[in-house]
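Residue numbers (my numbering): 11 to 251. The beta carbon of each residue, even a glycine, is placed where N, CA and C say it ideally should be. Structure, as structure tokens:
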Ligand SMILES: [Zn+2]
Ligand SMILES: [Zn+2]
């Protein structure tokens with residue numbers, strides 16, 4: 011069972027009046043929500059819009075997450091080539107499908123936040139320029155630096171705000187990337203556990219994943235159990251207000 015319609019209407023009404031005070035750049039409003047049956051189980055899809063930059067973001071919600079504790083949450087950054095086309099240059103689609111399958115089939119509730127920040131935040135065109143540099147022999151981190159970007163330009167403020175807008179009290183984050191834990195905590199999210207993700211290696215992404223592990227600190231080899239990260243419970247107060 012998902013979020014009941016009356017509760018959705020209340021969240022949308024609350025969002026309609028909401029605006030983070032300037033100079034905030036990462037405000038979002040919940041605009042609409044609808045049922046979304048998928049091949050990964052029953053979901054509801056939530057449409058968010060940032061009133062400042064106009065960017066749209068999505069949350070795929072399974073079960074009722076409003077006011078819930080210990081909600082499994084996967085942050086997914088949009089990857090057109092991987093998610094939609096099945097590119098083997100990255101593991102985005104595998105990770106997205108694994109998260110949707112885990113949540114939709116095995117869990118009482120959970121959320122996949124789909125963030126519109128293509129190419130680790132550098133944008134689609136720059137991601138393809140970075141691919142071209144990699145084709146010429148540079149690794150993913152070197153390529154981004156050559157284009158003048160930091161290795162990871164993503165900002166988790168939008169993700170944190172989406173969770174606040176859905177009144178999620180605490181989460182168990184589905185990730186192998188410890189920087190996501192620190193970033194979300196900094197934005198006022200209470201993280202009470204971590205659910206590790208498995209990784210599908212192939213001949214095209216092996217080098218990319220190896221760089222991710224060595225240079226970006228991903229925990230690809232380490233077996234970890236749920237509730238590795240114990241963070242003291244914090245109030246669900248909005249850091250953005
Ligand atoms: Zn806001
Ligand atoms: Zn990708």
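What did DSSP end up calling residue i once you bin it into helix, strand or coil?
i: residue 24; result: helix
i: residue 42; result: strand
i: residue 75; result: coil
i: residue 111; result: helix
i: residue 127; result: coil
i: residue 221; result: helix
i: residue 142; result: helix
i: residue 290; result: Lying outside 11 to 251, the shown extent of the chain, residue 290 is not represented and no answer is given.
i: residue 54; result: strand
i: residue 67; result: strand
i: residue 48; result: strand
i: residue 203; result: strand
i: residue 119; result: coil
i: residue 184; result: strand
i: residue 18; result: helix
Given a cut-off of 8 Å on the beta-carbon distance, is the pair residue i and residue j in contact?
i: residue 57; j: residue 123; result: no
i: residue 191; j: residue 179; result: no
i: residue 53; j: residue 75; result: no
i: residue 59; j: residue 39; result: yes
i: residue 88; j: residue 127; result: yes
i: residue 207; j: residue 144; result: no
i: residue 125; j: residue 85; result: yes
i: residue 37; j: residue 61; result: yes
i: residue 184; j: residue 78; result: no
i: residue 16; j: residue 73; result: no
i: residue 80; j: residue 92; result: no
i: residue 175; j: residue 25; result: yes
Quick check on residue i: buried or exposed, where buried means 16 or more other Cβ atoms within 10 Å of its Cβ?
i: residue 137; result: buried
i: residue 135; result: exposed
i: residue 82; result: buried
i: residue 49; result: exposed
i: residue 18; result: buried
i: residue 11; result: exposed
i: residue 115; result: exposed
i: residue 95; result: exposed
i: residue 44; result: exposed
i: residue 64; result: exposed
i: residue 158; result: exposed
Taking CB distances under 8 Å as the criterion, tell me whether residue i reaches chain D.
i: residue 148; result: The question asks about chain D, but that chain is absent: this structure has only one protein chain.
Next on the checklist: Could you check whether the stretch 134 to 150 touches the stretch 166 to 182, counting it as contact only if at least three pairs of C-beta atoms, one from each stretch, sit closer than 8 Å?
Outcome noted: no
Item to check | Entirely enclosed alpha helix (DSSP H) segments - the stretch 80 to 111, minimum 4 residues | outcome: Counting only runs of 4 or more, we get 102 to 111.
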